[in-house]
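For reference, the structure discussed in these notes is given below.
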Amino acid sequence: MDYPICIENAGTCLVTSSVLGREARVQFMVREPSAAPGDTGWRFMSQIDTDETLQDPSAWHVVDYNLACALEPALIGIWSFEVGSDLQLVDVDGRPQIWDTPSGQEISYETSICRPRRPPESSRDSPDRCQIGSSTSSASG
Numbered sequence: 001m002d003y004p005i006c007i008e009n010a011g012t013c014l015v016t017s018s019v020l021g022r023e024a025r026v027q028f029m030v031r032e033p034s035a036a037p038g039d040t041g042w043r044f045m046s047q048i049d050t051d052e053t054l055q056d057p058s059a060w061h062v063v064d065y066n067l068a069c070a071l072e073p074a075l076i077g078i079w080s081f082e083v084g085s086d087l088q089l090v091d092v093d094g095r096p097q098i099w100d101t102p103s104g105q106e107i108s109y110e111t112s113i114c115r116p117r118r119p120p121e122s123s124r125d126s127p128d129r130c131q132i133g134s135s136t137s138s139a140s141g
């Protein structure tokens, strides 16, 4: 899968099989302490992931953070959030919004490193839809 490099040297993250396989979109985003060199600590899960699934190591995949952003562009804006962040992605009136889970407060786009936005449906699978970088990379999925 080709994907844009939105954040240079972004590192890696963990995504569940349901996110990587595009069975469901990212809904839950948690940043833990890094588990290895290059690991951002970000963990991305979908609304269909169960507690049982999340306990299964084979359900988790190490991927480039930029690949995760290609799967869900709203993730571009949270890359620099601190360890301990616990967020949810929800659609409100067709617009993706990121909410802080513990406080129940919306995270404003001004807080993000950029303003994530959904591309038009016609370009949704295009590898050049990132607004920050211009290069692309490939990953086997």
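For the sequence shown, the UniProt record's numbering gives the first residue as 1, with consecutive numbering after it.
Each residue gets a CB set at the ideal place from its N, CA and C atoms; glycine is no exception.
Where R31 falls, given that 16 or more other Cβ within 10 Å makes a residue buried: Translated into positions along the sequence shown, residue 31 becomes position 31. It counts as buried.
Buried versus exposed call for P4 [16 or more other C-beta atoms within 10 Å across all chains shown]: Locating residue 4 in the sequence shown gives position 4, counting from the first residue. P4 is buried by the Cβ-count criterion.
6 Å CB neighbourhood of M29 in its chain, flanking five on each side removed: Translated into the one-based positions of the sequence shown, residue 29 becomes position 29. The answer, listed in chain order, is F44 and L87.
Contained alpha helix (DSSP H) runs [length at least 4] in the stretch 23 to 95, N- to C-terminal order: 51 to 55 and 65 to 71
Other residues of its chain near G141: CB distance less than 7 Å, five sequence neighbours each side excluded: The count along the sequence shown starts at 1 and reaches residue 141 at position 141. Bear in mind that a pLDDT of 44 at G141, under 50, signals an unreliable position, so the number given afterwards is only what the model happens to contain. So the list reads M1 and L20, once near-sequence residues are dropped.
Given P37 as reference, the closest of A10, D100 and D91 once Cα atoms are compared: The sequence position of residue 37 within the sequence shown is 37, counting from 1. The residue with the shortest Cα to Cα distance from P37 is A10.
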